[in-house]
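Written below as C-alpha coordinates is the structure these notes are about.
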Amino acid sequence: MPGGAGGTGGGIASTSVLWAIVMSAFAGFGGILFGYDTGTIGGCIAMTDWLETFGKFDPTPNGLGWYIPTNDKSLVVSILSAGTFFGGLFASPMADTFGRKFGLIYSCLVFCLGVGLQLDTRWATFIVGRVIAGIGVGLVSCLVPMYQSECSPKSMRGAIVGLYQLAITIGALLAAIVLNATKDRADHSAWRIPIAIQFCWAFILSAGMALLPESPRYLLLKGRHEDARRSLGRLMTLPSDAPEVEAEAVEITTALAVEKEAAQGNGYVACFKNNEDRNGWRTWTGILMQGWQQLTGINFIFYYGTTFFQQAGIQNAFVIQIICDVVNTAMTIVGVNLIDRVGRRRLLLIGAVGMCVCEFIVAIVGVTAGQPHVVATGVQINLSAQRVLIAFTCFYIAFFAISWGPVIWVLTGEIFPLGIRAKSMSLAVASNWLWNFGIGYATPYLVNPSTTGVNGVKAANLGVKVFFIWGSTCVGCFIFTYFFIPETKGLSLEQIDLLYRESSIIGSNAYRKRLLDDDETFTNRFNEKAMHVKDDQNEKASA
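Numbering (the working numbering), first residue to last: 333 to 875.
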(Lines of atoms letter the chains of each structure in order from A and count residues from 1; the text may use other names and numbers.)
(Lines give C-alpha, C1' and ligand atoms only; values in the text may rest on other atoms or scores of the structure.)
Protein backbone atom coordinates (compact mmCIF):
# COMPACT_ATOMS: atom_id res chain seq x y z
CA MET A 1 0.00 0.00 0.00
CA PRO A 2 1.25 3.57 -0.59
CA GLY A 3 2.51 5.62 2.25
CA GLY A 4 3.49 9.17 3.11
CA ALA A 5 2.39 12.31 1.38
CA GLY A 6 4.40 11.91 -1.76
CA GLY A 7 1.56 10.56 -3.90
CA THR A 8 1.10 7.18 -5.48
CA GLY A 9 0.77 5.79 -8.95
CA GLY A 10 -1.69 3.30 -7.65
CA GLY A 11 -4.78 5.44 -7.86
CA ILE A 12 -7.66 4.82 -5.46
CA ALA A 13 -6.91 1.38 -4.03
CA SER A 14 -9.37 -0.22 -1.65
CA THR A 15 -8.39 -2.84 0.89
CA SER A 16 -11.76 -4.38 0.01
CA VAL A 17 -11.88 -4.94 -3.74
CA LEU A 18 -15.45 -6.18 -3.49
CA TRP A 19 -16.56 -2.95 -1.80
CA ALA A 20 -14.88 -0.83 -4.49
CA ILE A 21 -16.59 -2.83 -7.21
CA VAL A 22 -19.99 -2.70 -5.50
CA MET A 23 -19.89 1.08 -5.11
CA SER A 24 -18.68 1.81 -8.63
CA ALA A 25 -20.70 -0.88 -10.38
CA PHE A 26 -23.94 0.15 -8.69
CA ALA A 27 -23.76 3.48 -10.45
CA GLY A 28 -23.58 1.43 -13.63
CA PHE A 29 -27.24 0.56 -13.00
CA GLY A 30 -27.85 3.81 -14.84
CA GLY A 31 -26.90 1.86 -17.95
CA ILE A 32 -30.00 -0.32 -17.53
CA LEU A 33 -32.13 2.82 -17.50
CA PHE A 34 -30.35 4.00 -20.65
CA GLY A 35 -30.41 0.65 -22.50
CA TYR A 36 -34.00 -0.24 -21.61
CA ASP A 37 -35.31 3.13 -22.73
CA THR A 38 -33.55 3.05 -26.11
CA GLY A 39 -34.55 -0.59 -26.62
CA THR A 40 -38.24 -0.09 -25.88
CA ILE A 41 -39.31 2.19 -28.70
CA GLY A 42 -38.26 -0.20 -31.51
CA GLY A 43 -40.76 -2.81 -30.31
CA CYS A 44 -43.53 -0.37 -29.39
CA ILE A 45 -43.75 1.07 -32.91
CA ALA A 46 -44.29 -2.44 -34.28
CA MET A 47 -47.25 -3.20 -31.94
CA THR A 48 -50.78 -3.22 -33.32
CA ASP A 49 -52.36 -1.16 -30.53
CA TRP A 50 -49.58 1.46 -30.65
CA LEU A 51 -50.04 1.81 -34.43
CA GLU A 52 -53.82 2.11 -34.01
CA THR A 53 -53.31 4.77 -31.32
CA PHE A 54 -50.63 6.91 -32.97
CA GLY A 55 -50.45 5.72 -36.61
CA LYS A 56 -52.45 6.25 -39.79
CA PHE A 57 -54.72 3.91 -41.73
CA ASP A 58 -54.30 3.06 -45.41
CA PRO A 59 -57.75 1.93 -46.69
CA THR A 60 -56.68 1.17 -50.25
CA PRO A 61 -56.81 -2.43 -51.56
CA ASN A 62 -53.59 -4.25 -50.70
CA GLY A 63 -52.69 -1.20 -48.62
CA LEU A 64 -50.57 -1.03 -45.49
CA GLY A 65 -53.50 -1.00 -43.04
CA TRP A 66 -52.43 0.67 -39.81
CA TYR A 67 -48.93 2.04 -40.20
CA ILE A 68 -46.68 4.88 -39.10
CA PRO A 69 -45.41 7.20 -41.86
CA THR A 70 -41.66 7.38 -42.39
CA ASN A 71 -41.43 10.97 -41.12
CA ASP A 72 -43.33 10.14 -37.92
CA LYS A 73 -41.28 6.98 -37.44
CA SER A 74 -38.07 8.99 -37.75
CA LEU A 75 -39.36 11.57 -35.30
CA VAL A 76 -40.58 9.23 -32.55
CA VAL A 77 -37.39 7.13 -32.57
CA SER A 78 -34.83 9.91 -32.90
CA ILE A 79 -36.46 12.62 -30.77
CA LEU A 80 -35.20 10.91 -27.61
CA SER A 81 -31.68 11.52 -28.91
CA ALA A 82 -32.46 15.19 -29.39
CA GLY A 83 -33.31 15.34 -25.69
CA THR A 84 -30.23 13.35 -24.73
CA PHE A 85 -28.05 15.79 -26.70
CA PHE A 86 -29.18 18.63 -24.46
CA GLY A 87 -29.03 16.34 -21.43
CA GLY A 88 -25.38 15.63 -22.24
CA LEU A 89 -24.65 19.37 -22.39
CA PHE A 90 -26.56 20.04 -19.15
CA ALA A 91 -24.51 17.32 -17.41
CA SER A 92 -21.55 19.65 -16.96
CA PRO A 93 -23.34 22.32 -14.86
CA MET A 94 -25.26 19.54 -13.10
CA ALA A 95 -22.05 17.69 -12.17
CA ASP A 96 -20.10 20.80 -11.16
CA THR A 97 -22.98 22.42 -9.25
CA PHE A 98 -24.63 19.51 -7.44
CA GLY A 99 -21.85 16.93 -7.63
CA ARG A 100 -21.67 13.58 -9.38
CA LYS A 101 -23.81 11.82 -6.75
CA PHE A 102 -26.73 14.23 -6.40
CA GLY A 103 -26.52 15.10 -10.09
CA LEU A 104 -27.45 11.48 -10.82
CA ILE A 105 -30.32 11.54 -8.34
CA TYR A 106 -31.81 14.71 -9.83
CA SER A 107 -31.38 13.27 -13.33
CA CYS A 108 -33.59 10.34 -12.35
CA LEU A 109 -36.38 12.76 -11.41
CA VAL A 110 -36.20 14.40 -14.85
CA PHE A 111 -36.30 10.97 -16.49
CA CYS A 112 -39.38 9.90 -14.50
CA LEU A 113 -41.27 12.99 -15.65
CA GLY A 114 -40.60 12.04 -19.25
CA VAL A 115 -41.67 8.42 -18.71
CA GLY A 116 -44.95 9.55 -17.18
CA LEU A 117 -45.79 11.73 -20.18
CA GLN A 118 -45.19 8.79 -22.55
CA LEU A 119 -48.10 6.91 -20.97
CA ASP A 120 -50.52 9.40 -22.59
CA THR A 121 -52.38 8.54 -25.82
CA ARG A 122 -51.90 11.94 -27.46
CA TRP A 123 -49.12 12.15 -30.05
CA ALA A 124 -47.81 15.55 -28.93
CA THR A 125 -47.64 14.51 -25.27
CA PHE A 126 -45.90 11.26 -26.17
CA ILE A 127 -43.27 13.16 -28.18
CA VAL A 128 -42.69 15.72 -25.39
CA GLY A 129 -42.29 12.82 -22.97
CA ARG A 130 -39.67 11.29 -25.24
CA VAL A 131 -37.73 14.58 -25.25
CA ILE A 132 -37.81 15.01 -21.44
CA ALA A 133 -36.90 11.36 -20.85
CA GLY A 134 -34.05 11.91 -23.30
CA ILE A 135 -32.74 14.81 -21.23
CA GLY A 136 -32.68 12.51 -18.21
CA VAL A 137 -30.92 9.75 -20.16
CA GLY A 138 -28.35 12.24 -21.48
CA LEU A 139 -27.58 13.44 -17.97
CA VAL A 140 -27.20 9.87 -16.68
CA SER A 141 -25.08 8.75 -19.64
CA CYS A 142 -22.49 11.41 -18.80
CA LEU A 143 -22.61 11.34 -15.00
CA VAL A 144 -22.38 7.56 -14.54
CA PRO A 145 -19.02 6.98 -16.29
CA MET A 146 -17.73 10.19 -14.70
CA TYR A 147 -18.57 8.92 -11.21
CA GLN A 148 -17.23 5.45 -11.95
CA SER A 149 -13.92 6.71 -13.35
CA GLU A 150 -13.30 9.00 -10.41
CA CYS A 151 -14.09 6.35 -7.79
CA SER A 152 -12.60 3.16 -9.31
CA PRO A 153 -9.23 1.52 -8.57
CA LYS A 154 -7.00 2.01 -11.62
CA SER A 155 -6.32 -1.71 -12.00
CA MET A 156 -10.05 -2.37 -12.48
CA ARG A 157 -11.25 0.94 -13.87
CA GLY A 158 -11.72 -0.45 -17.37
CA ALA A 159 -13.82 -3.35 -16.12
CA ILE A 160 -15.87 -1.22 -13.73
CA VAL A 161 -16.66 1.55 -16.22
CA GLY A 162 -17.22 -1.15 -18.84
CA LEU A 163 -19.97 -2.47 -16.58
CA TYR A 164 -21.92 0.62 -17.65
CA GLN A 165 -22.01 -0.70 -21.23
CA LEU A 166 -22.91 -4.16 -19.91
CA ALA A 167 -25.79 -2.59 -18.01
CA ILE A 168 -26.91 -0.89 -21.24
CA THR A 169 -27.02 -4.25 -23.01
CA ILE A 170 -28.88 -5.86 -20.10
CA GLY A 171 -31.40 -3.03 -20.27
CA ALA A 172 -31.90 -3.57 -24.01
CA LEU A 173 -32.30 -7.32 -23.43
CA LEU A 174 -34.87 -6.75 -20.69
CA ALA A 175 -36.75 -4.41 -23.01
CA ALA A 176 -36.83 -7.06 -25.75
CA ILE A 177 -38.11 -9.71 -23.32
CA VAL A 178 -40.83 -7.44 -21.92
CA LEU A 179 -41.89 -6.32 -25.40
CA ASN A 180 -42.16 -9.92 -26.56
CA ALA A 181 -44.32 -10.72 -23.50
CA THR A 182 -46.76 -7.85 -24.01
CA LYS A 183 -46.86 -7.46 -27.81
CA ASP A 184 -50.04 -9.52 -28.26
CA ARG A 185 -52.14 -7.59 -25.74
CA ALA A 186 -55.14 -6.00 -27.41
CA ASP A 187 -55.21 -2.74 -25.42
CA HIS A 188 -52.88 0.12 -24.43
CA SER A 189 -51.18 -2.07 -21.82
CA ALA A 190 -49.23 -3.71 -24.67
CA TRP A 191 -46.93 -0.67 -24.84
CA ARG A 192 -47.73 1.09 -21.55
CA ILE A 193 -46.35 -1.75 -19.41
CA PRO A 194 -42.90 -1.75 -21.09
CA ILE A 195 -42.72 2.04 -20.77
CA ALA A 196 -43.94 2.18 -17.14
CA ILE A 197 -41.37 -0.39 -15.96
CA GLN A 198 -38.76 2.35 -16.43
CA PHE A 199 -39.94 3.94 -13.16
CA CYS A 200 -38.40 0.93 -11.37
CA TRP A 201 -34.96 1.42 -12.91
CA ALA A 202 -34.91 5.12 -12.02
CA PHE A 203 -35.96 4.42 -8.42
CA ILE A 204 -33.29 1.77 -7.91
CA LEU A 205 -30.56 4.02 -9.34
CA SER A 206 -31.49 7.08 -7.29
CA ALA A 207 -31.98 5.08 -4.06
CA GLY A 208 -28.64 3.34 -4.53
CA MET A 209 -26.77 6.57 -5.26
CA ALA A 210 -28.13 8.06 -2.04
CA LEU A 211 -26.13 5.43 -0.14
CA LEU A 212 -22.83 5.94 -2.01
CA PRO A 213 -20.12 8.52 -1.25
CA GLU A 214 -19.52 11.59 -3.39
CA SER A 215 -16.57 11.51 -5.79
CA PRO A 216 -13.45 12.60 -3.84
CA ARG A 217 -12.02 14.23 -6.98
CA TYR A 218 -15.11 16.44 -7.25
CA LEU A 219 -14.80 17.38 -3.57
CA LEU A 220 -11.11 18.30 -3.98
CA LEU A 221 -12.00 20.29 -7.11
CA LYS A 222 -14.38 22.31 -4.92
CA GLY A 223 -11.82 22.71 -2.14
CA ARG A 224 -13.74 20.49 0.33
CA HIS A 225 -10.64 18.70 1.61
CA GLU A 226 -12.09 17.14 4.77
CA ASP A 227 -15.13 15.79 2.90
CA ALA A 228 -12.80 14.47 0.21
CA ARG A 229 -10.71 12.57 2.76
CA ARG A 230 -13.83 11.04 4.29
CA SER A 231 -15.00 9.99 0.83
CA LEU A 232 -11.55 8.57 0.01
CA GLY A 233 -11.60 6.72 3.32
CA ARG A 234 -14.89 5.06 2.42
CA LEU A 235 -13.64 4.14 -1.05
CA MET A 236 -10.34 2.78 0.30
CA THR A 237 -11.99 1.25 3.43
CA LEU A 238 -9.48 3.10 5.60
CA PRO A 239 -9.74 5.85 8.25
CA SER A 240 -9.92 9.32 6.72
CA ASP A 241 -6.62 10.27 8.42
CA ALA A 242 -4.71 7.20 7.20
CA PRO A 243 -1.38 7.92 5.42
CA GLU A 244 -2.65 6.14 2.29
CA VAL A 245 -5.68 8.44 2.12
CA GLU A 246 -3.46 11.49 2.59
CA ALA A 247 -1.10 10.30 -0.17
CA GLU A 248 -3.92 9.87 -2.65
CA ALA A 249 -5.40 13.27 -1.78
CA VAL A 250 -2.01 14.91 -2.36
CA GLU A 251 -1.61 13.18 -5.74
CA ILE A 252 -5.01 14.42 -6.95
CA THR A 253 -4.47 17.93 -5.54
CA THR A 254 -1.02 18.21 -7.16
CA ALA A 255 -2.37 17.21 -10.58
CA LEU A 256 -5.21 19.73 -10.22
CA ALA A 257 -2.81 22.53 -9.20
CA VAL A 258 -0.47 21.87 -12.15
CA GLU A 259 -3.45 21.70 -14.50
CA LYS A 260 -4.79 25.05 -13.26
CA GLU A 261 -1.37 26.62 -13.73
CA ALA A 262 -1.30 25.48 -17.38
CA ALA A 263 -4.93 26.45 -18.08
CA GLN A 264 -5.57 29.05 -20.78
CA GLY A 265 -9.08 30.34 -20.32
CA ASN A 266 -12.23 29.63 -18.37
CA GLY A 267 -15.32 27.56 -18.97
CA TYR A 268 -15.67 25.69 -22.24
CA VAL A 269 -12.87 27.79 -23.80
CA ALA A 270 -10.35 25.89 -21.66
CA CYS A 271 -11.53 22.59 -23.17
CA PHE A 272 -10.20 23.58 -26.59
CA LYS A 273 -6.87 25.17 -25.62
CA ASN A 274 -3.84 23.16 -26.70
CA ASN A 275 -1.85 23.87 -23.56
CA GLU A 276 0.64 21.56 -21.83
CA ASP A 277 -2.22 19.23 -20.87
CA ARG A 278 -3.30 19.09 -24.56
CA ASN A 279 -6.86 19.94 -23.56
CA GLY A 280 -7.97 20.64 -27.12
CA TRP A 281 -6.61 17.36 -28.47
CA ARG A 282 -8.25 15.40 -25.64
CA THR A 283 -11.61 17.14 -26.01
CA TRP A 284 -11.75 16.61 -29.76
CA THR A 285 -10.72 12.99 -29.27
CA GLY A 286 -13.68 12.49 -26.93
CA ILE A 287 -16.12 14.25 -29.25
CA LEU A 288 -14.99 12.36 -32.35
CA MET A 289 -14.71 8.90 -30.80
CA GLN A 290 -18.29 9.13 -29.53
CA GLY A 291 -19.36 10.07 -33.05
CA TRP A 292 -17.48 7.14 -34.57
CA GLN A 293 -19.15 4.79 -32.09
CA GLN A 294 -22.53 5.79 -33.50
CA LEU A 295 -21.25 5.52 -37.07
CA THR A 296 -20.58 1.81 -36.55
CA GLY A 297 -24.33 1.51 -37.23
CA ILE A 298 -25.05 -0.45 -34.07
CA ASN A 299 -28.19 1.46 -33.16
CA PHE A 300 -29.70 0.58 -36.52
CA ILE A 301 -30.06 -2.95 -35.13
CA PHE A 302 -31.42 -1.89 -31.75
CA TYR A 303 -33.73 0.89 -32.94
CA TYR A 304 -35.01 -0.64 -36.17
CA GLY A 305 -33.96 -4.30 -35.90
CA THR A 306 -37.48 -5.65 -35.38
CA THR A 307 -39.00 -3.83 -38.35
CA PHE A 308 -35.88 -4.48 -40.48
CA PHE A 309 -36.07 -8.23 -39.88
CA GLN A 310 -39.78 -8.13 -40.71
CA GLN A 311 -39.10 -6.34 -44.01
CA ALA A 312 -36.37 -8.90 -44.83
CA GLY A 313 -39.00 -11.64 -44.63
CA ILE A 314 -37.61 -13.14 -41.43
CA GLN A 315 -40.29 -14.75 -39.28
CA ASN A 316 -40.39 -14.22 -35.50
CA ALA A 317 -38.64 -10.86 -35.77
CA PHE A 318 -39.25 -10.18 -32.07
CA VAL A 319 -37.46 -13.43 -31.17
CA ILE A 320 -34.52 -12.60 -33.47
CA GLN A 321 -34.26 -9.23 -31.73
CA ILE A 322 -34.03 -11.02 -28.38
CA ILE A 323 -31.26 -13.23 -29.79
CA CYS A 324 -29.34 -10.12 -30.90
CA ASP A 325 -29.73 -8.63 -27.42
CA VAL A 326 -28.53 -11.86 -25.79
CA VAL A 327 -25.43 -11.86 -28.01
CA ASN A 328 -24.82 -8.21 -27.16
CA THR A 329 -25.09 -8.85 -23.42
CA ALA A 330 -23.02 -12.05 -23.39
CA MET A 331 -20.20 -10.61 -25.48
CA THR A 332 -20.16 -7.38 -23.47
CA ILE A 333 -19.36 -9.53 -20.43
CA VAL A 334 -16.41 -10.90 -22.42
CA GLY A 335 -15.39 -7.38 -23.47
CA VAL A 336 -15.50 -6.02 -19.93
CA ASN A 337 -13.04 -8.72 -18.88
CA LEU A 338 -10.72 -7.92 -21.80
CA ILE A 339 -10.45 -4.14 -21.33
CA ASP A 340 -7.84 -4.26 -18.56
CA ARG A 341 -6.08 -7.29 -20.09
CA VAL A 342 -5.87 -6.57 -23.81
CA GLY A 343 -6.01 -2.78 -23.56
CA ARG A 344 -8.27 -0.04 -24.87
CA ARG A 345 -6.45 0.81 -28.11
CA ARG A 346 -5.91 -2.79 -29.28
CA LEU A 347 -9.54 -3.77 -28.61
CA LEU A 348 -10.81 -0.83 -30.65
CA LEU A 349 -8.57 -1.77 -33.60
CA ILE A 350 -9.70 -5.41 -33.45
CA GLY A 351 -13.35 -4.42 -33.16
CA ALA A 352 -13.22 -2.04 -36.12
CA VAL A 353 -11.77 -4.72 -38.41
CA GLY A 354 -14.24 -7.38 -37.22
CA MET A 355 -17.30 -5.15 -37.64
CA CYS A 356 -16.17 -4.01 -41.09
CA VAL A 357 -15.83 -7.58 -42.39
CA CYS A 358 -19.17 -8.72 -40.92
CA GLU A 359 -21.11 -5.73 -42.24
CA PHE A 360 -19.81 -6.14 -45.77
CA ILE A 361 -20.75 -9.84 -45.69
CA VAL A 362 -24.29 -8.95 -44.52
CA ALA A 363 -24.59 -6.36 -47.30
CA ILE A 364 -23.26 -8.64 -50.05
CA VAL A 365 -25.41 -11.62 -49.05
CA GLY A 366 -28.42 -9.36 -48.56
CA VAL A 367 -28.32 -7.90 -52.08
CA THR A 368 -27.72 -11.29 -53.73
CA ALA A 369 -29.04 -14.55 -52.28
CA GLY A 370 -30.91 -12.85 -49.46
CA GLN A 371 -33.36 -10.91 -51.63
CA PRO A 372 -36.99 -12.23 -51.47
CA HIS A 373 -38.31 -13.23 -54.92
CA VAL A 374 -41.93 -12.90 -56.01
CA VAL A 375 -43.12 -16.12 -57.71
CA ALA A 376 -46.52 -17.43 -58.78
CA THR A 377 -47.14 -19.03 -55.40
CA GLY A 378 -46.13 -15.94 -53.43
CA VAL A 379 -42.86 -14.61 -52.03
CA GLN A 380 -39.94 -17.03 -52.06
CA ILE A 381 -37.36 -16.70 -49.25
CA ASN A 382 -33.86 -18.19 -49.30
CA LEU A 383 -33.68 -19.60 -45.77
CA SER A 384 -29.94 -20.32 -45.99
CA ALA A 385 -29.22 -16.72 -46.92
CA GLN A 386 -31.45 -15.51 -44.05
CA ARG A 387 -29.48 -17.64 -41.61
CA VAL A 388 -26.24 -16.11 -42.91
CA LEU A 389 -27.70 -12.63 -42.47
CA ILE A 390 -28.73 -13.38 -38.89
CA ALA A 391 -25.41 -15.11 -38.06
CA PHE A 392 -23.18 -12.31 -39.34
CA THR A 393 -25.41 -9.68 -37.77
CA CYS A 394 -24.75 -11.48 -34.47
CA PHE A 395 -20.99 -11.63 -35.21
CA TYR A 396 -21.06 -7.91 -35.95
CA ILE A 397 -22.84 -7.23 -32.66
CA ALA A 398 -20.28 -9.43 -30.87
CA PHE A 399 -17.32 -7.43 -32.22
CA PHE A 400 -19.03 -4.20 -31.17
CA ALA A 401 -19.80 -5.59 -27.72
CA ILE A 402 -16.17 -6.48 -26.93
CA SER A 403 -14.75 -3.22 -28.23
CA TRP A 404 -16.54 -0.06 -29.32
CA GLY A 405 -19.42 -0.63 -26.90
CA PRO A 406 -17.67 -0.63 -23.49
CA VAL A 407 -14.23 0.79 -24.40
CA ILE A 408 -15.52 4.16 -25.64
CA TRP A 409 -17.28 4.80 -22.32
CA VAL A 410 -14.13 3.82 -20.41
CA LEU A 411 -12.03 6.26 -22.43
CA THR A 412 -14.65 9.00 -22.12
CA GLY A 413 -14.38 8.74 -18.35
CA GLU A 414 -10.59 8.75 -18.14
CA ILE A 415 -8.89 10.82 -20.86
CA PHE A 416 -9.88 14.29 -19.58
CA PRO A 417 -8.06 16.25 -16.84
CA LEU A 418 -10.01 16.89 -13.65
CA GLY A 419 -10.52 20.64 -14.07
CA ILE A 420 -12.36 20.28 -17.38
CA ARG A 421 -13.60 16.68 -17.00
CA ALA A 422 -17.28 17.55 -16.55
CA LYS A 423 -17.30 20.00 -19.46
CA SER A 424 -15.30 17.82 -21.87
CA MET A 425 -17.32 14.73 -20.98
CA SER A 426 -20.56 16.62 -21.52
CA LEU A 427 -19.36 17.68 -24.99
CA ALA A 428 -18.31 14.11 -25.84
CA VAL A 429 -21.59 12.59 -24.65
CA ALA A 430 -23.57 15.31 -26.44
CA SER A 431 -21.66 14.36 -29.60
CA ASN A 432 -22.77 10.75 -29.12
CA TRP A 433 -26.40 11.78 -28.90
CA LEU A 434 -26.18 14.27 -31.75
CA TRP A 435 -24.93 11.52 -34.06
CA ASN A 436 -27.47 9.16 -32.52
CA PHE A 437 -30.24 11.60 -33.39
CA GLY A 438 -28.99 12.18 -36.94
CA ILE A 439 -28.57 8.47 -37.69
CA GLY A 440 -31.84 7.54 -35.99
CA TYR A 441 -33.75 10.18 -37.94
CA ALA A 442 -32.11 9.49 -41.31
CA THR A 443 -32.18 5.67 -41.22
CA PRO A 444 -35.89 5.18 -42.14
CA TYR A 445 -35.37 7.49 -45.13
CA LEU A 446 -32.33 5.41 -46.14
CA VAL A 447 -33.87 1.97 -45.59
CA ASN A 448 -37.63 2.24 -46.22
CA PRO A 449 -39.31 2.18 -49.64
CA SER A 450 -41.10 5.31 -50.85
CA THR A 451 -44.83 5.55 -50.15
CA THR A 452 -47.51 7.28 -52.20
CA GLY A 453 -50.83 8.94 -51.51
CA VAL A 454 -51.74 11.73 -49.13
CA ASN A 455 -49.14 10.64 -46.59
CA GLY A 456 -46.55 9.57 -49.18
CA VAL A 457 -42.87 10.06 -48.35
CA LYS A 458 -39.93 9.60 -50.68
CA ALA A 459 -37.16 7.33 -49.35
CA ALA A 460 -33.97 5.73 -50.69
CA ASN A 461 -35.15 2.11 -50.20
CA LEU A 462 -31.61 0.86 -49.53
CA GLY A 463 -32.79 -1.96 -47.31
CA VAL A 464 -29.90 -4.28 -46.45
CA LYS A 465 -27.58 -2.21 -48.68
CA VAL A 466 -27.30 0.24 -45.78
CA PHE A 467 -24.69 -2.15 -44.37
CA PHE A 468 -22.30 -1.03 -47.11
CA ILE A 469 -22.40 2.39 -45.42
CA TRP A 470 -21.80 0.99 -41.93
CA GLY A 471 -18.96 -1.20 -43.17
CA SER A 472 -17.24 1.81 -44.75
CA THR A 473 -17.54 3.87 -41.57
CA CYS A 474 -15.82 1.08 -39.64
CA VAL A 475 -12.77 1.66 -41.84
CA GLY A 476 -12.86 5.23 -40.53
CA CYS A 477 -13.09 3.86 -36.97
CA PHE A 478 -9.83 1.93 -37.50
CA ILE A 479 -7.97 4.95 -38.90
CA PHE A 480 -9.23 7.24 -36.14
CA THR A 481 -8.18 4.80 -33.41
CA TYR A 482 -4.67 4.40 -34.82
CA PHE A 483 -3.93 8.13 -34.84
CA PHE A 484 -6.05 9.49 -31.96
CA ILE A 485 -6.55 6.88 -29.21
CA PRO A 486 -3.69 6.27 -26.72
CA GLU A 487 -3.24 3.15 -24.63
CA THR A 488 -4.22 3.95 -21.02
CA LYS A 489 -4.48 0.43 -19.56
CA GLY A 490 -3.38 0.26 -15.91
CA LEU A 491 -2.74 3.99 -15.45
CA SER A 492 -4.27 6.20 -12.78
CA LEU A 493 -6.16 9.26 -14.01
CA GLU A 494 -3.22 11.45 -12.99
CA GLN A 495 -0.76 9.20 -14.86
CA ILE A 496 -2.93 9.59 -17.96
CA ASP A 497 -2.34 13.34 -17.61
CA LEU A 498 1.41 12.61 -17.70
CA LEU A 499 0.97 10.43 -20.78
CA TYR A 500 -0.78 13.18 -22.70
CA ARG A 501 1.84 15.71 -21.60
CA GLU A 502 4.91 13.68 -22.52
CA SER A 503 4.03 10.97 -25.09
CA SER A 504 2.79 10.67 -28.66
CA ILE A 505 -0.38 8.69 -29.41
CA ILE A 506 1.35 5.99 -31.46
CA GLY A 507 4.09 5.63 -28.84
CA SER A 508 1.68 5.68 -25.89
CA ASN A 509 1.91 1.97 -25.10
CA ALA A 510 5.70 2.06 -24.69
CA TYR A 511 5.45 5.19 -22.52
CA ARG A 512 2.68 3.58 -20.46
CA LYS A 513 4.87 0.56 -19.74
CA ARG A 514 7.71 2.84 -18.66
CA LEU A 515 5.39 4.71 -16.27
CA LEU A 516 4.28 1.45 -14.69
CA ASP A 517 7.77 -0.06 -14.53
CA ASP A 518 9.16 3.03 -12.80
CA ASP A 519 6.02 3.49 -10.65
CA GLU A 520 6.00 7.08 -11.84
CA THR A 521 3.50 9.46 -10.23
CA PHE A 522 2.31 12.94 -11.06
CA THR A 523 3.48 14.26 -7.68
CA ASN A 524 6.96 12.76 -7.90
CA ARG A 525 7.45 13.92 -11.48
CA PHE A 526 6.59 17.54 -10.73
CA ASN A 527 8.45 17.59 -7.42
CA GLU A 528 11.53 16.49 -9.38
CA LYS A 529 10.95 19.18 -12.00
CA ALA A 530 10.52 21.81 -9.29
CA MET A 531 13.80 20.72 -7.68
CA HIS A 532 15.63 20.90 -11.03
CA VAL A 533 14.25 24.38 -11.65
CA LYS A 534 15.34 25.46 -8.16
CA ASP A 535 18.82 24.00 -8.68
CA ASP A 536 19.15 25.81 -12.01
CA GLN A 537 18.11 29.05 -10.39
CA ASN A 538 20.64 28.55 -7.59
CA GLU A 539 23.42 27.82 -10.10
CA LYS A 540 22.58 30.97 -12.05
CA ALA A 541 22.49 33.01 -8.85
CA SER A 542 25.87 31.66 -7.67
CA ALA A 543 27.39 32.29 -11.11
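Note that beta-carbon positions come from the ideal geometry of N, C-alpha and C, so glycine has one too.
{"query": "My assumption, with CB atoms under 8 Å, is that Arg-474 sits in contact with Leu-537. Please give the rounded CB distance.", "result": "One detail in the question is off: residue 474 reads as Cys in this sequence, not Arg. Going by Cβ atoms, the distance from Cys-474 to Leu-537 rounds to 14 Å, so no, they are not a contact pair."}
{"query": "Any idea what DSSP makes of Asp-559, helix, strand or coil?", "result": "helix"}
{"query": "So the candidates are Ser-840, Met-621, His-557, Glu-384; which of them puts its Cα closest to the Cα of Asp-573?", "result": "His-557"}
{"query": "What separation, rounded to the nearest whole angstrom, lies between the Cα atoms of Ala-539 and Ile-437?", "result": "8 Å"}
{"query": "Please give me, in chain order, every unbroken run of the alpha helix (DSSP H) with length at least 4 that falls completely inside the segment 624-702.", "result": "630-643, 649-674, 676-699"}
{"query": "Near Gly-803, what residues of its chain come up, given a Cβ to Cβ distance below 7 Å and the 5 sequence neighbours on each side ignored?", "result": "Cys-688, Glu-691, Phe-692, Ala-695"}
{"query": "So, is Asn-793 buried or exposed, given that buried needs 16 or more other C-beta atoms within 10 angstroms?", "result": "exposed"}
{"query": "Could you pull out every residue in the same chain whose Cβ sits closer than 6 Å to the Cβ of Ile-747, ignoring the five residues on either side in sequence?", "result": "Arg-614"}
{"query": "For Tyr-832 and Gly-446, what's the separation of their Cα atoms in angstroms?", "result": "40 Å"}
{"query": "What are the partner residues of Asp-390, as DSSP defines its beta bridges?", "result": "Gly-397"}
{"query": "Could you tell me the boundaries of the alpha helix (DSSP H) in which Asn-841 lies?", "result": "840-849"}
{"query": "Excluding the 5 residues flanking Tyr-814 on each side, which residues of the same chain have their C-beta closer than 6 Å to its C-beta?", "result": "none"}
{"query": "Cys-809: buried (16+ other C-beta within 10 angstroms of its C-beta) or exposed?", "result": "buried"}
{"query": "Contact between the segment 448-467 and the segment 412-424: three or more CB pairs below 8 Å?", "result": "yes"}
{"query": "Around the C-beta of Asp-452, are 16 or more other C-beta atoms found within 10 angstroms, so that it is buried, or is it exposed?", "result": "exposed"}
{"query": "Starting from Ile-377, trace the alpha helix (DSSP H) both ways and give me its first and last residue.", "result": "Segment: none, Ile-377 is in no alpha helix (DSSP H) and carries neither H nor E."}
{"query": "Would you report the Cα separation of Gly-375 and Phe-604, rounded to the nearest angstrom?", "result": "41 Å"}
{"query": "If you run the structure through DSSP and keep just helix, strand and coil, what is Gln-827?", "result": "helix"}
{"query": "Straight-line CA distance for Asp-428 to Asp-559?", "result": "16 Å"}
{"query": "Locate the alpha helix (DSSP H) running through Ala-508, then write down its first and last residues.", "result": "489-514"}
{"query": "Closer than 6 Å by C-beta to Phe-619: which residues in its own chain qualify, once you throw out the five before and the five after it? Chain order, please.", "result": "Correcting the residue type first, residue 619 is Ile in the shown sequence and not Phe. Cβ neighbours of Ile-619 beyond the five flanking positions: Leu-759, Ala-760, Ser-763."}
{"query": "Kindly give me the distance between the Cβ atoms of Thr-628 and Cys-483, rounded to whole angstroms, as I take these residues to be in contact under 8 Å.", "result": "Not confirmed; about 29 Å, so no contact."}
{"query": "On the three-state DSSP scale, how would you describe Arg-610?", "result": "coil"}
{"query": "Look at the alpha carbon of Ala-791 and the alpha carbon of Thr-402, and state the distance between them as a whole number of angstroms.", "result": "8 Å"}
{"query": "In whole angstroms, what separates the C-alpha of Pro-575 from that of Gly-565?", "result": "10 Å"}
{"query": "Are the segment 665-673 and the segment 490-506 in contact at 8 Å, needing three or more beta carbon pairs?", "result": "yes"}
{"query": "Where do the ends of the alpha helix (DSSP H) carrying Val-789 lie?", "result": "Counting along the chain, Val-789 falls outside any alpha helix (DSSP H), and DSSP gives it neither H nor E."}
{"query": "Looking at C-alpha atoms only, which residue of Ala-534, Trp-767, Met-426 is the closest neighbour of Met-478?", "result": "Met-426"}
{"query": "Express the C-alpha separation of Gln-497 and Val-796 in angstroms, rounding to a whole number.", "result": "27 Å"}
{"query": "Do Gly-362 and Val-442 come within 8 Å of each other at the CB atom, strictly closer than that value?", "result": "no"}
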